[in-house]
Amino acid sequence: MSRNSLTLFDRQLLVPALLDALRKLHPRVQLRSPVMFVVYVGSILTTLLALQAVGGNGEAGAGFIAAIAVWLWFTVLFANFAEALAEGRSKAQAASLRALKATVTAKKLATPRYGTTWLPVPATDLRKGMTVLVEAGDVIPADGDVIEGVASVDESAITGESAPVIRESGGDFSAVTGGTRVLSDWLVVRVAANPGEAFIDRMIAMVEGAQRRKTPNEIALTILLVALTIVFLVVTVTLLPFSLFSVQAAGSGAPVTVTVLIALLVCLIPTTIGGLLSAIGVAGMSRMMGANVIATSGRAVEAAGDVDVLLLDKTGTITHGNRQASAFLPAPGVTEEQLANAAHLASRADETPEGRSIVALARQRCRIEEAVPAGVDEEITFVEFTAQTRMSGADIGGRAVRKGAADTIRRYVETAGGRYPAEVARLVDDVARRGSTPLVVVDDGRVMGVVELKDIVKTGIRERFAELRRMGIRTVMITGDNRLTAAAIAAEAGVDDFLAEATPEDKLKLIRSQQAEGRLVAMTGDGTNDAPALAQADVAVAMNSGTQAAKEAGNMVDLDSNPTKLLEIVEIGKQMLMTRGALTTFSIANDVAKYFAIIPAAFVGTYPQLKSLDVMQLGSANSAIMSAVIFNALIIVFLIPLALQGVRYRALGAAVLLRRNLLVYGLGGLVLPFIGIKLIDLALVALNLA
């Protein structure tokens, strides 16, 4: 999809970013980054000093001051460029989404029912609560919920996936998004949003870099950078009177110039991270969008990086979710064929994948082909499966055949005064211990046996959970299965804990208890019954295929509706925090090295003894100062790709990550300036530029 296909330095991004870098020179924009605002003010002052020096009244040579001014402006412009490049990628993503907002004509229904008359109205006239008809070939005019019908829908414009999806009334796959297209059949849709409030509108606002608010972590880091800047500003300002006093007292030497003090200040304050901080945040949200996840704010992305506990649904996340009937286990005195016949009859009205697999297995194993069993003359009334009864079946005269969860069938049999065999209870336990799901079949009060359903754990999921454990993240599997089944799947998948027979209230209680212990909790959901837990979770990822209630409750929406995406979201969040930490470490270490380059050169005229600190043996005072300023500007340029792409993600704990940052970025930030400044100094001296 076009919004994800742009390379880091695509021509479509570079030219607008360069222009935006110039537009961002406005003082109001510069004030958003206090550190870079200091560099901005320093650029203006040195420019004025250079103009003054042209007239012969300068504190130093006009060429030297002008060169300092040029490199300071270069520093500001490339900090602007990094932010503009990150924002440009987000704007390109938003532009592709705007293409979905083409004006369409909706078929507004007078009565919310298929087959009734409809009137053509512009999609912009639709309001929440109205109903529309969408037929094959039509573009869905607005966000809504399907209240009647079933159809295949092309959502590639949003998700980038070419395979169509099924949307139908009822259940957790009833939500449709405006701008997508119906490929077959028809849908009656109840509009869920007014114009300007649709999902596409919210997506556009979310991915626009200019709309991004600073996260708490970023605000805290900004405060630290401002504090360091103020400290160095106060120190630098006080150095001028000290220098003047020392020269006057000694009767010899030369006081430090304002130009040199500005260069010193710019080199000592954390300009590297200050120039890239905003770009890191914007790029983090852009990477999330690149993974087809819409985050409502940078706070959600950042919280993903700090998650302590992951709550994951078993079905579709840990397992493939397509439980299939694998065996018929008859009760004592019952043949496999008798059990298969009863299970087949009880599953005829069960349209769930499990119900259909039972019918298929009965036909395969026992060659049951008849729609109505032989010898049955009475009319059959099929009983559909519901989440409330947790059973399906058929009534044949006075005979009742039922199939359902073991505890449900047990209550059903015992309530009717029947006997639930201990042998069947043992069969249920054996199936559950194997990690399969047992369904019990009863025919006219007689328990016939157990149908075993298997759900396969996804390949590689155990290794991913092991990575999360190394990062200090605890994984909890949530399932509606009984405890024995849940325990077997949990052991096979390698999760840390599980919640069996979970209700919406249980999920909410679990999240609150974890948060009460000071943990950040993430979870996924797609149904209306998930909405309370999603609203409570710190990172709540709603499936795009889910209900409107789930999407409104979450602070992220997964456009691919892939429950395992939560693992990738955590990785992206941690990558953003790791990038920020790495560059902060590098920036601070950088300043230490630049201190040894610029301090001796700046004050050697006032304090000749400082010559001993010139460990790099730089060509001259002007050359040393110029080299430090040039390096300070160029390092931002070289770190732009790292800020936008992020550091390589590794599943490491906080202590290990800190040690790695100190070793790689701390030591690197300390050593690299010595090498870089010395090479620049050699080049300046060789070219007679300083």
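Take the sequence shown: its letter number 589 is residue 589 in the UniProt record's numbering, and every next letter is one higher. All residues carry an ideal CB built from backbone N, CA and C; glycine is no exception.
Assigned with DSSP and collapsed to three states, arginine 32 falls in coil, not helix or strand.
Using a Cβ-Cβ distance cut-off of 8 Å, the stretch 311-319 and the stretch 521-537 are in contact, since at least three pairs of beta carbons, one from each stretch, lie closer than that value. Remark: C-beta atoms of leucine 639 and leucine 577 do not approach each other more closely than 8 Å. A direct Cα-to-Cα measurement between leucine 657 and threonine 585 gives close to 12 Å. Checking the DSSP bridge columns, you'll see arginine 399 partnered with Ile396. Leaving aside the five residues that flank leucine 228 on each side, the residues in its chain whose CB is nearer than 7 Å to its CB run, in chain order, Ile269 and Pro270. The shortest C-alpha to C-alpha distance from leucine 261 to any of Gly669, Ile636 and Ile625 is the one to Ile625. Using a Cβ-Cβ distance cut-off of 8 Å, the stretch 51-60 and the stretch 234-251 are not in contact, since fewer than three pairs of beta carbons, one from each stretch, lie closer than that value.
Around the C-beta of leucine 439, 16 or more other C-beta atoms lie within 10 Å, and the residue is accordingly described as buried. For the pair alanine 303 and glycine 554, the Cα-to-Cα distance works out to about 13 Å. For lysine 24, there is no enclosing alpha helix (DSSP H), as DSSP marks it with neither H nor E.
Residues Val134, Val176, Gly178 and Thr180 of the same chain have their beta carbon placed closer than 6 Å to that of isoleucine 140, with the five preceding and five following residues left out of the count. Of the residues Ala593, Gln536 and Phe498, the one whose Cα lies closest to the Cα of isoleucine 511 is Gln536. Residue nearest to valine 153 within the set Ser174, Val182, Ile318 and Val146 is Val182 (criterion: CA-CA distance). Ranked by how close their Cα comes to the Cα of threonine 317, the residues Trp71, Arg580, Asp526 and Gln645 have Asp526 in first place. By the Cβ test, the stretch 393-412 is in contact with the stretch 340-355, since at least three Cβ pairs between them sit closer than 8 Å. Take the alpha-carbon of alanine 416 and the one of glycine 398: they are about 14 Å apart.
Remark: C-beta atoms of serine 627 and isoleucine 677 approach each other more closely than 8 Å.
Counting only the Cα atoms, glycine 253 lies some 14 Å from lysine 611.
By a beta-carbon distance limit of 8 Å, alanine 79 contacts methionine 36. Their separation comes to about 5 Å.
In this structure, phenylalanine 81 lies away from leucine 25, with their beta-carbon atoms at least 8 Å apart.
For serine 169, same chain residues with a beta-carbon under 6 Å away, outside a window of 5 residues either side, are Val146, Ile147 and Glu148 in chain order. Shown here, threonine 180 sits in coil according to DSSP, grouped into three states, outside any helix or strand. Between threonine 259 and threonine 46, the beta carbon gap of about 6 Å places them in contact (Cβ cut-off 8 Å). In this structure, the beta-carbon distance from alanine 602 to valine 256 falls below 8 Å.
Residue state for glutamate 168 is assigned as strand, using DSSP reduced to three classes. Rounded to whole angstroms, the Cβ separation of valine 188 and leucine 109 is 7 Å, and the two are in contact under 8 Å. Contact between proline 641 and asparagine 590 does not hold, since the beta-carbon distance rounds to 17 Å and is not under 8 Å. DSSP, read as helix, strand or coil, puts leucine 233 in helix. Across the structure, glycine 56 and alanine 67 are spaced so that their CA atoms are roughly 17 Å apart. Around the Cβ of isoleucine 635, a 10 Å sphere holds 16 or more other Cβ atoms; the residue is buried. Using a Cβ-Cβ distance cut-off of 8 Å, the stretch 279-295 and the stretch 451-467 are not in contact, since fewer than three pairs of beta carbons, one from each stretch, lie closer than that value. In this structure aspartate 443 is in contact with alanine 342, their Cβ atoms being roughly 4 Å apart against a cut-off of 8 Å. For alanine 106, no alpha helix (DSSP H) encloses it; the enclosing beta strand (DSSP E) starts and ends at 105-109. Setting aside the 5 residues that flank it on each side, cysteine 366 is surrounded in the same chain by Glu337 and Ala340, each with a C-beta closer than 6 Å to its C-beta; the list follows chain order. Membership of glycine 290 in any beta strand (DSSP E) is not indicated; the residue belongs instead to the alpha helix (DSSP H) covering 271-290.
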